[in-house]
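Residue numbers for the sequence shown follow this note's numbering, beginning at 91 and rising by one. C-beta atoms are modelled at their ideal positions from N, C-alpha and C, and glycine is treated no differently. One structure is given below, encoded as structure tokens.
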Amino acid sequence: MSALDELLTTSKAADLMGVSRSHVCDLLDRGELAYRHVGTHRRIRAQDALEYIERQRSVRRDALDEISDLGHEGGLYLSLIHI
Numbered sequence: 091m092s093a094l095d096e097l098l099t100t101s102k103a104a105d106l107m108g109v110s111r112s113h114v115c116d117l118l119d120r121g122e123l124a125y126r127h128v129g130t131h132r133r134i135r136a137q138d139a140l141e142y143i144e145r146q147r148s149v150r151r152d153a154l155d156e157i158s159d160l161g162h163e164g165g166l167y168l169s170l171i172h173i
């Protein structure tokens, strides 16, 4: 089994993702993060947690690009080259 296939507890997944355990549980409840049951406990594959992190980074990057574009269009861009 590779490290990416390792099953993480919700606490370990939260540590890896840099969020709270309760946030991870909310993601699981909403179906935004895949998991499987091991007995009565939920476990998250390390690869699924890492893929979620990358999707979130992409969403944030796209949002920042859009904000930047709106700022340029609205004339709110201040060039540091002239300082």
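- Message: Once the 5 residues before and after L123 are set aside, which same chain residues still bring their CB inside 6 Å of it?
- Response: L117, Y142
- Confirm, please, whether the CB-CB distance from A104 to A136 is below 9 Å. no
- Which listed residue (R120, R133, G121, D119) has its alpha carbon closest to that of S101: R133
- Query: Rounded to a whole number of angstroms, what is the C-alpha to C-alpha distance between G129 and V114?
  - Reply: Computed Cα separation, rounded: 19 Å.
- For R111, collect the residues of the same chain with a Cβ closer than 6 Å to its Cβ; drop the 5 residues on either side in sequence, then sort them by chain order. T100, S101, A104
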